[in-house]
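The numbering of the sequence shown is the UniProt record's numbering, which starts it at 1 and goes up by one.
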Amino acid sequence: MSTSATALLAAQAPLRAKPSNYPPAVVAMLQPLLAGREKRPLGDLFGLTNFGVNLTTLAPGAASSLRHAHSLQDEFIFIVSGTPTLVTDEGRTLLSPGMCAGFKAGSGNAHQLRNESSEPVVVLEVGDRTDGDTATYPEADLMGRQLDGQWSFFRKNGEAF
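Okay, here's the thing in structure tokens:
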């Protein structure tokens with residue numbers, strides 16, 4: 001018998017237990033951007049393993065993550081409410097409810113959502129969980145690697161945090 005949920009009200013799903021996958025030293029540097037970010041891992045509640053689904057809320061001044069690009073994992077976002085700014089290698093785009101964006105694995109196009117408005121932003125995030133993925137962060141001395149479902153982070157010179 002499955003212990004996974006069948007249906008639920010997304011906004012009432014529990015918050016992710018660990019606020020960030022980043023190492024503590026990186027979280028400390030990013031505290032103002034990440035402090036106002038809440039993720040509700042919806043896919044996990046249904047036992048989904050091939051892809052993740054998060055309902056993410058960004059308070060004013062918060063960001064979804066560091067600007068990053070994945071080597072193997074595709075990502076998709078859908079704006080539920082609010083007006084976040086999407087920051088990519090191409091520039092800045094103001095998004096509004098109902099808009100969506102996708103980020104193809106291996107494109108090298110680093111992306112980030114920032115809430116530069118005075119109201120909360122709610123975003124549905126979907127990403128696959130291809131093992132062996134790497135993440136690059138053009139604006140930070142950071143790179144990530146996922147093996148066996150766990151992320152490890154290193155400085156760009158390969159030194160571990």
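Think of the CB as a built atom: it goes at the ideal place given N, C-alpha and C, for glycine as much as any other residue.
Given the structure is predicted, the values throughout are model-derived calculations rather than measurements.
- By the C-beta density criterion, A35 is exposed, having fewer than 16 other C-beta atoms within 10 angstroms.
- Note that the stretch 136–146 touches the stretch 62–70; at least 3 beta-carbon pairs, one per stretch, sit closer than 8 Å.
- Taking the Cα positions, E119 is about 17 Å away from A11.
- Residues I79 and S81 of the same chain have their beta carbon placed closer than 6 Å to that of P97, with the five preceding and five following residues left out of the count.
- Bridge partners of G91 according to DSSP: T88.
- In this structure, DSSP gives G47 a state outside helix and strand, which the three-state scheme calls coil.
- As computed with DSSP, A13 is found in no beta bridge at all.
- The closest CA to that of L86, considering only L58, P41 and A105, is found on L58.
- Proximity of the stretch 144–153 to the stretch 87–94 falls short of the contact definition, fewer than three beta-carbon pairs being nearer than 8 Å.
- Within the same chain, Cβ atoms closer than 6 Å to the Cβ of G127 are found at G52, Q73 and E75, the five residues on either side in sequence being excluded.
- In the DSSP assignment, Q73 falls outside any beta strand (DSSP E) and carries neither an H nor an E.
- Annotation for A28: no beta strand (DSSP E) segment contains it, though the alpha helix (DSSP H) segment containing it runs P24 to M29.
- In the three-state reduction of the DSSP assignment, L142 falls in the coil class, being assigned neither a helical nor a strand state.
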